[in-house]
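Just below is one structure, and these are the notes that go with it.
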Ligand code: THU
């Protein structure tokens, strides 16, 4: 699959999801779009809670959305925020992406559409994954 060619669509879906973010505490909306091996794209936004620690990041919302639909292999994750500082997935989200997309491409975009890309391996080197549990 030509992921580079799909980046504009991923960013558009992530921006739509960002507009649905529930962020009454941080006022920092984040949108994510995850491309799975099926070719389908799933979206997510951050969902905060009055008990702050229960907040779910946009990336995990989008990954779980796809997994709940039966997807298992992540090819790419796009993230977009408001303003000029493109975000990057937090440590917890990197580990969750890793479970289903150890080779995934992560696209981090600012509101104006400018973005940079990293591989999941760059973001989370020497990572722990399901294969470590095999045969234990
Ligand atoms: N957040 C995300 O949704 N994704 C990230 O990559 C970083 C942080 C959310 C969590 C919280 O709702 C807000 O941004 C501020 O931390």
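Residue numbers (this note's numbering): 1340 to 1475.
Think of the CB as a built atom: it goes at the ideal place given N, C-alpha and C, for glycine as much as any other residue.
Under 8 Å, do residue 1397 and residue 1360 count as touching if we go by C-beta distance?
The count along the chain shown starts at 1 and reaches residue 1397 at position 58. The count along the chain shown starts at 1 and reaches residue 1360 at position 21. Contact flag set, yes.
Answer with buried or exposed for residue 1440, where buried requires no fewer than 16 other C-beta atoms within 10 angstroms of its C-beta.
In the chain shown, the residue the question calls residue 1440 occupies position 101. Classification of residue 1440: buried, given that the 10 Å Cβ count is 16 or more.
Identify the continuous beta strand (DSSP E) that holds residue 1374 and give its terminal residues.
Position 35 of the chain shown, counted from the start, is the residue given in the question as residue 1374. Note, residue 1374: beta strand (DSSP E), 1369-1375.
Suppose contacts are defined by Cβ-Cβ distances below 8 Å. Is residue 1381 in contact with residue 1364 by that definition?
On the chain shown, residue 1381 is found 42 positions in, with the first residue counted as 1. On the chain shown, residue 1364 is found 25 positions in, with the first residue counted as 1. Contact flag unset, no.
The ligand THU heavy atoms versus the CB of residue 1377: any closer than 7 Å?
Translated into positions along the chain shown, residue 1377 becomes position 38. Checking every heavy atom of the ligand THU against the Cβ of residue 1377, none is found closer than 7 Å.
Considering only the beta carbon of each residue, do residue 1378 and residue 1355 sit closer than 8 Å?
Counted from its first residue, the chain shown places residue 1378 at position 39. Counted from its first residue, the chain shown places residue 1355 at position 16. The answer is no: Cβ separation not under 8 Å.
Is it the case that the Cβ atoms of residue 1368 and residue 1385 are separated by a distance below 8 Å?
The count along the chain shown starts at 1 and reaches residue 1368 at position 29. The count along the chain shown starts at 1 and reaches residue 1385 at position 46. Yes, the Cβ-Cβ distance between residue 1368 and residue 1385 is below 8 Å.
For residue 1350, three-class secondary structure by DSSP
Here the question's residue 1350 lines up with position 11 in the chain shown. In the structure shown, residue 1350 sits in a helix (DSSP, three-state: H, G or I).
Taking residue 1401 as part of the beta strand (DSSP E), name the residues at either end of that continuous run.
In the chain shown, the residue the question calls residue 1401 occupies position 62. Not the beta strand (DSSP E): residue 1401 falls in the alpha helix (DSSP H), residues 1397-1407.
For residue 1381, name the three-state secondary structure that DSSP assigns.
Taking the first residue of the chain shown as position 1, residue 1381 is located at position 42. Strand, per DSSP.
Per the DSSP calculation, residue 1455 is bridged to which residue(s)?
Residue 1455 sits at position 116 when you count from the first residue of the chain shown. DSSP output for residue 1455 lists 1447 as bridge partner(s).
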